[in-house]
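Participant: Converting from the sequence shown to my numbering requires adding 72 to each position, the first position being numbered 1.
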Amino acid sequence: MEIIKSRFVIPATRQVVDLVVEIDRQKLADEMARRCLLNSSMRSQILFGHIKASIVEVKE
Numbered sequence: 073m074e075i076i077k078s079r080f081v082i083p084a085t086r087q088v089v090d091l092v093v094e095i096d097r098q099k100l101a102d103e104m105a106r107r108c109l110l111n112s113s114m115r116s117q118i119l120f121g122h123i124k125a126s127i128v129e130v131k132e
């Protein structure tokens with residue numbers, strides 16, 4: 073289990089958002105593989121941290 077903490081500012085409102093995400097790389101890679109969304113090479117890249125996730129939209 074890996075915890076990623078990030079702080080960012082929404083430019084339009086100057087609102088500061090603290091984001092804490094808990095990631096289980098093994099479960100993420102297994103689920104994506106199960107859904108045929110990635111091949112074994114991409115799966116190993118996720119497991120070893122070469123692919124980073126990013127959040128592009130936050131909905132309330």
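Glycine included, C-beta positions come from ideal geometry on N, C-alpha and C.
#1: Kindly indicate which three-state DSSP category residue 90 falls into: helix, strand or coil?
#2: Taking residue 73 as the reference, which of 100, 81 and 83 has the closest Cα?
#3: Is the CB-CB distance between residue 103 and residue 75 below 8 Å?
#4: State the CB to CB distance for the pair residue 77 and residue 89, rounded to an integer number of angstroms; the pair is presumed to be in contact (CB under 8 Å).
#5: Ignore the nearest five residues each way along the sequence and tell me which others in residue 79's own chain have a CB closer than 8 Å to its CB.
Facilitator: Answer, in terms of the structure:
#1: strand
#2: 100
#3: no
#4: Rounded, the Cβ-Cβ distance is 12 Å, inconsistent with contact.
#5: 88, 89, 90 and 91
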